[in-house]
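Data block below; observations after.
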Amino acid sequence: MKRKSQAKIQRPSLASSSVSHGKRVRLWRLFHGSGPRNGTLIVLPLDQGLEHGPADFFPHPPAIDPDYQFRLALEGNYSAIALGVGLAEKYMKDYCGRVPLILKLNGKTNIADDAEAVSPAYASVEDAVRLGADAVGYTMYVGTPRQDVEIGEYRKVRQDCERLGMPLVMWAYPRGRAIEAKGGKGTLYAQDYAARVAEEMGADIVKLHEPTPETDRVPEPYRSLREDARARVRRVVRSAGRVFVLFSGGEKDDSTWTAAPPA
Amino acid sequence: MKRKSQAKIQRPSLASSSVSHGKRVRLWRLFHGSGPRNGTLIVLPLDQGLEHGPADFFPHPPAIDPDYQFRLALEGNYSAIALGVGLAEKYMKDYCGRVPLILKLNGKTNIADDAEAVSPAYASVEDAVRLGADAVGYTMYVGTPRQDVEIGEYRKVRQDCERLGMPLVMWAYPRGRAIEAKGGKGTLYAQDYAARVAEEMGADIVKLHEPTPETDRVPEPYRSLREDARARVRRVVRSAGRVFVLFSGGEKDDSTWTAAPPA
Amino acid sequence: MKRKSQAKIQRPSLASSSVSHGKRVRLWRLFHGSGPRNGTLIVLPLDQGLEHGPADFFPHPPAIDPDYQFRLALEGNYSAIALGVGLAEKYMKDYCGRVPLILKLNGKTNIADDAEAVSPAYASVEDAVRLGADAVGYTMYVGTPRQDVEIGEYRKVRQDCERLGMPLVMWAYPRGRAIEAKGGKGTLYAQDYAARVAEEMGADIVKLHEPTPETDRVPEPYRSLREDARARVRRVVRSAGRVFVLFSGGEKDDSTWTAAPPA
Amino acid sequence: MKRKSQAKIQRPSLASSSVSHGKRVRLWRLFHGSGPRNGTLIVLPLDQGLEHGPADFFPHPPAIDPDYQFRLALEGNYSAIALGVGLAEKYMKDYCGRVPLILKLNGKTNIADDAEAVSPAYASVEDAVRLGADAVGYTMYVGTPRQDVEIGEYRKVRQDCERLGMPLVMWAYPRGRAIEAKGGKGTLYAQDYAARVAEEMGADIVKLHEPTPETDRVPEPYRSLREDARARVRRVVRSAGRVFVLFSGGEKDDSTWTAAPPA
Amino acid sequence: MKRKSQAKIQRPSLASSSVSHGKRVRLWRLFHGSGPRNGTLIVLPLDQGLEHGPADFFPHPPAIDPDYQFRLALEGNYSAIALGVGLAEKYMKDYCGRVPLILKLNGKTNIADDAEAVSPAYASVEDAVRLGADAVGYTMYVGTPRQDVEIGEYRKVRQDCERLGMPLVMWAYPRGRAIEAKGGKGTLYAQDYAARVAEEMGADIVKLHEPTPETDRVPEPYRSLREDARARVRRVVRSAGRVFVLFSGGEKDDSTWTAAPPA
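Residue numbers (our numbering), protein chains in the order written: chain Y, 14 to 276; chain V, 14 to 276; chain U, 14 to 276; chain S, 14 to 276; chain F, 14 to 276.
Structure follows, in structure tokens:
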């Protein structure tokens with residue numbers, strides 16, 4: 014049989030994607046209807062207040078105000094803003110239609126430790142439809158010992174997304190006691206696995222972190238890889254396959270992703 | 014881009030709030046239809062019998078009688094009384110319509126310890142509608158190790174509130190083994206986080222405690238803050254954003270909150 | 014404001030109760046339609062076989078036969094018999110209509126210990142309706158570490174009772190590791206708390222035990238009370254408020270409660 | 014009042030039973046429509062493959078073939094065969110109508126230990142109706158620390174049986190850490206309690222084991238009983254009351270029960 | 014009674030199977046509509062990316078591309094490809110109808126250990142219908158301490174398969190702390206038990222591994238068997254009864270099964 018060359022990663026494109034009409038409408042808005050409008054998706058996330066507490070805003074106090082963030086998304090030409098139902102309901106009124114919304118469905122505080130982390134949903138895909146969102150965000154704690162709870166809740170979200178034509182952005186975050194024992198959440202081993210989980214479980218977009226170098230605790234064959242940063246990124250993008258990849262940037266409040274050429 | 018000054022906290026107002034018509038009707042009754050009628054909400058809570066047991070009434074024996082409490086709410090010009098379904102059903106008959114009801118939906122005894130506290134719902138938003146309540150109260154144990162149970166139940170309550178136009182008052186109470194290890198439930202760190210959780214998760218009103226000074230076990234940057242009481246209060250109010258803040262008073266049986274100017 | 018005297022406990026009466034028409038019909042049958050017919054409710058309970066095993070019947074062997082118990086209820090002029098769905102279905106045929114039934118909905122064996130006791134429901138309020146019962150019984154293990162499971166199931170029962178006009182009798186039993194550490198299930202502290210839980214959570218009738226003297230492990234202010242038996246009983250009745258109180262008698266197979274004067 | 018003599022156990026009879034028409038039709042088929050047809054129920058059980066693994070068939074290899082078992086049930090004049098949904102669907106075709114089916118609804122492997130045993134349902138009462146079964150079988154692990162899970166699932170089964178007129182056979186098996194600490198699953202204490210649980214919880218037929226002599230770890234008053242085998246059997250039959258008792262025989266693959274005289 | 018000879022294992026055939034019309038249509042497609050078309054089912058599985066992570070593709074990098082796998086299934090004349098909902102939705106477009114799909118419904122990562130393994134469902138039988146699949150795959154961790162969770166979810170899947178005429182392929186995988194203590198997941202004891210579980214619980218096809226020799230930790234009578242590889246295979250096929258058996262091959266990415274003669 015013929016084999017395609019693996020030398021060059023083929024970035025997924027919306028045009029060739031198999032997503033439904035409803036997802037396609039909404040993904041088009043994210044990739045081409047706002048922000049750079051060239052297929053690049055730049056998301057302004059605002060879930061730190063829940064995930065890390067207000068302490069995250071101490072270095073830059075205005076950031077605590079969601080209205081400031083909406084203005085920032087608009088003036089900074091972001092493609093979309095990602096936040097939870099509380100912030101959307103209370104702060105979106107003046108920005109409706111002007112800034113696409115990615116409604117984050119689940120989340121938790123970081124007060125208790127993450128050894129058996131689960132991220133419970135506090136909103137639903139129907140909440141996202143009601144609020145006019147263009148996608149939902151769902152955190153999947155890849156490898157947590159309680160992944161059965163996490164995945165069970167995810168199944169419902171994925172099916173609702175399919176039924177309602179809502180794109181699903183997976184925050185694929187390795188987390189928990191087991192991944193810590195295997196080198197931590199940031200390694201290529203962890204991020205590469207997370208990318209594949211997103212593809213296997215049917216996400217449309219996956220949010221990852223740029224993988225760090227491997228450590229001694231990482232399982233083989235990753236431990237021996239010793240690839241450079243560029244090669245590591247190429248690897249996780251390849252593992253994500255036809256799922257669009259969104260990387261968290263080095264800065265706290267912006268994320269950048271370069272998509273395929275315009276559809 | 015332009016940044017609004019953060020020097021002065023802008024209190025939320027009902028007029029500018031994004032809440033639905035049904036919530037607006039009921040919030041108007043709480044803020045302007047009874048009690049001070051000037052936008053200030055003063056709530057008489059009566060859930061101590063469940064949360065702490067009858068011992069809480071020993072210093073002032075008449076307080077054990079819910080009828081006494083209803084009379085107190087009426088004669089004391091409170092904006093509303095907050096209690097559970099058992100007390101509402103058995104004692105509200107003579108006060109229906111005269112004293113707005115905030116139906117507390119969940120609760121627990123303090124017999125078992127709070128290391129993994131969960132506050133289970135023993136009533137629903139539909140119970141509140143049936144009883145003519147103007148809001149529901151829901152205790153969220155912020156940071157408890159079993160927050161997935163707590164938040165899962167909360168999601169249903171929040172969605173029913175949205176569907177039925179019922180304002181949602183969150184008792185945002187840091188609780189559990191983890192918060193104890195980080196300085197306890199009363200610190201600015203804990204209360205500030207709780208305020209933000211209420212905003213992120215879509216409460217309309219949040220009940221907090223006035224934050225105490227920080228201790229050595231509190232995480233940075235809070236540990237180094239050393240702010241005075243007034244600054245601490247300003248901080249948590251800012252973190253609550255457009256969620257109305259209700260502080261527990263120093264006395265056992267009254268709570269005071271000063272709202273925005275009349276809508 | 015005026016305060017009513019607390020010197021005399023006002024017993025609740027059916028006439029002044031706020032319960033719905035359906036509950037009122039059935040409570041009338043319990044208080045005035047059988048047994049003493051003067052507002053006093055005397056219940057013959059038969060759940061020992063499940064809760065304690067057949068060993069409970071060794072001292073008086075005929076008691077193991079539910080038919081004997083039904084005859085005893087009839088000939089002994091009891092107001093009602095309380096038992097589970099298995100016994101009701103197999104033994105009630107000849108007594109239908111002649112002896113009011115309180116269908117016990119949940120229960121468990123005492124084989125495993127009670128440190129984290131939960132009493133699971135093996136029947137529903139609709140079973141009670143189908144069998145022509147005049148009330149349901151629900152055991153609430155007050156203070157058990159797993160109270161969230163217990164209360165979650167209770168919520169459904171309470172709502173079905175409201176919907177179907179079925180009186181709810183709460184077996185309010187302090188139980189579990191925590192109450193043992195605080196002096197045990199029989200103390201005034203425990204029974205007083207249990208009485209209040211029944212009132213807060215919406216029971217119509219509460220079954221309690223006559224409180225024993227306090228021990229050193231009981232929390233303050235109970236530890237210092239040192240009241241006599243009569244004062245202890247008065248206290249728990251006061252804590253139950255408008256919930257009718259039913260005390261377990263000293264004998265194994267009868268329970269006596271004196272209600273308000275006839276409605 | 015008059016007391017009936019307890020000297021002679023009155024065996025329950027189908028004629029005098031209170032079961033519904035649907036249950037009565039199906040019980041008649043079990044007691045009088047096949048097998049001895051004289052009120053005696055002899056059941057051929059085939060759930061060892063799931064409960065104990067194929068090792069159970071090593072002493073008699075043909076027994077591993079369910080078709081062999083169906084032929085055995087037919088040729089051996091059994092009243093019914095008891096097995097799970099997988100075996101019924103794949104092997105019953107040639108025996109439909111000729112051998113009554115008792116569909117076993119739950120089960121588990123014996124690979125993990127039984128300290129906190131739960132027997133999960135892998136089929137439903139509606140499966141039994143669909144397959145033309147005349148009864149369902151449900152294992153209840155009496156006294157297991159996780160009895161709340163077991164009983165919660167049982168409630169649904171019992172209610173479906175009532176709704177659909179399907180007789181319910183309870184495999185009442187004491188199991189788990191607690192019963193082991195109290196002398197084990199085979200003692201009179203354990204079997205007597207199990208018999209009563211079946212009656213309290215509404216089984217129509219209960220499957221028990223002939224009780225073994227008591228040991229020193231058995232609770233009083235059983236420890237001091239020292240009854241002979243016949244007296245022990247009489248005792249558990251009495252505790253089962255109007256529930257038909259089915260004893261597991263000494264042989265691995267047959268069970269014998271002698272019922273009341275023909276209805 | 015007559016006994017059939019056990020000397021020769023009778024392979025199940027589709028013609029004589031009791032499955033419903035819908036299952037029969039789809040099984041015909043798997044056995045005779047593609048691949049060898051002679052009753053032999055050869056499946057190309059692609060769930061390693063989820064179960065083991067991308068590391069599984071390191072030895073043969075093109076295998077990480079699901080499109081490559083679909084082409085391989087087509088060009089390699091496989092009967093079907095087995096993968097999850099994410100891969101099916103994103104990669105099947107060009108292969109629809111040309112390669113039968115077995116939709117794998119549950120799965121998990123191998124980051125956390127398997128001591129109490131559960132494989133949560135992230136898709137449903139209705140997803141399989143929607144995608145035009147000819148079967149669903151479900152992993153059952155035979156003997157895991159949390160088998161009640163696993164079996165509870167399986168029940169729903171099995172019933173949906175029956176309702177929708179969808180063949181059910183069980184990945185019957187012994188797993189968890191208990192099977193490790195009894196010799197591990199690959200032994201004849203483990204595989205033989207797994208085969209029987211599939212038959213008892215109603216699978217149509219079971220995927221097993223060729224059993225390895227027994228070890229000292231395996232329970233009797235297996236420990237003393239010491240059979241050769243061929244005898245071990247014959248034994249597990251016999252235990253599977255009328256469930257079609259599919260063995261994982263020695264190679265990573267192919268599986269071979271020889272079925273009955275064409276129906």
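No residue lacks a Cβ here, since even glycine has one placed at the ideal position from N, Cα and C.
Consider the Cβ of S31 of chain F: report whether some Cβ of chain S lies at a distance smaller than 7 Å. yes
Along the alpha helix (DSSP H) that carries V162 of chain F, what are the first and last residues, could you check? 160–177
T53 of chain Y to D60 of chain F, Cα distance in whole Å? 30 Å
On the CB-based measure, 16 or more other CB atoms within 10 Å of its CB, does W270 of chain V come out buried or exposed? Only weak support exists for where W270 of chain V lies, its pLDDT of 45 falling under 50; the coordinates are left without a value.
Would you check if there are 3 or more beta carbon pairs closer than 8 Å linking the segment 224–233 of chain U to the segment 58–76 of chain U? no
How about Y91 of chain S and I55 of chain S: do their beta carbons lie closer than 7 Å? yes
With a cut-off of 7 Å, does the C-beta of V258 of chain Y fall near any C-beta of chain F? no
Compile a chain-ordered list of the residues in the segment 144–155 of chain F whose CB is closer than 7 Å to at least one CB of chain Y. none
Exposure label - G196 of chain V; buried when at least 16 CB within 10 Å: buried
Can you tell me where the alpha helix (DSSP H) with G99 of chain Y in it begins and where it stops? 98–104
Return the residue from the list F:E233, F:L201, F:R236, F:L238 that minimises the CA-CA distance to V250 of chain F. F:L201
Going by CA-CA distance only, name the one from V:F260, V:D217, V:P74, V:I192 that's closest to K36 of chain V. V:D217
What does a CB cutoff of less than 7 Å around R245 of chain U pick up in its chain, not counting 5 residues either side in sequence? L201, P224
Separation of I77 of chain S from A203 of chain F, as counted between CA atoms: 17 Å
Report yes if the C-beta distance between F44 of chain Y and L27 of chain Y is below 7 Å; otherwise report no. yes
Please name the residues in the segment 197–210 of chain F whose beta-carbon is closer than 7 Å to at least one beta-carbon of chain S, in chain order. D205, Y206, R209, V210
Between which two residues does the alpha helix (DSSP H) carrying H34 of chain Y extend? 34–45
Hey, is E212 of chain Y's beta-carbon within less than 7 Å of any beta-carbon in chain F? yes
Bridge partner(s) assigned by DSSP for A185 of chain F: F:M153
E166 of chain V vs A134 of chain V beta-carbon contact at 7 Å: yes
Cut-off 8 Å between Cβ atoms - residues of its own chain near P158 of chain Y, not counting five sequence neighbours on either side: A128, E129, G189, R190, A191
V258 of chain F, DSSP secondary structure in three states: strand
Going by C-alpha to C-alpha distance, which of S:K220, S:P234, S:A125 sits closest to A253 of chain S? S:K220
Which listed residue (V:F71, V:V256, V:G48) has its alpha carbon closest to that of G110 of chain V: V:G48
CB contact flag (L181 of chain V, A141 of chain V, <7 Å): no
Less than 6 Å between C-beta atoms, sequence neighbours within five positions excluded: which residues of the same chain meet that for S30 of chain V? none
Whole angstroms is fine: what's the gap from V149 of chain U's alpha carbon to L96 of chain U's? 9 Å
Applying the criterion that 16 or more other CB atoms from any shown protein chain within 10 Å of the CB defines a buried residue, is D241 of chain Y buried or exposed? exposed
The beta strand (DSSP E) that contains L85 of chain Y, what's its start and end? Note, L85 of chain Y: premise wrong, no beta strand (DSSP E); alpha helix (DSSP H) at 79–88.
Alpha carbon to alpha carbon, how far is V155 of chain S from E175 of chain S? Give it in angstroms, no decimals. 22 Å
Check the Cβ-Cβ distances between I218 of chain Y and every residue of chain F, and say whether any is below 7 Å. no
By a C-beta neighbour count over all protein chains shown, 10 Å radius and 16 as the cutoff for buried, is P72 of chain U buried or exposed? exposed
Within the 7 Å Cβ cut-off, does S47 of chain U reach chain V? no
Which residues in the same chain as L87 of chain Y place their Cβ atom closer than 8 Å to its Cβ, once the five residues preceding and following it in sequence are excluded? Y108, R111, V112
Rounded to the nearest angstrom, what separates K265 of chain F and A208 of chain F at their Cα positions? Since pLDDT at K265 of chain F reaches only 42, below the 50 mark, its modelled position is unreliable, and no value is offered.
Secondary structure at L201 of chain V, three-state DSSP: helix, strand or coil? helix
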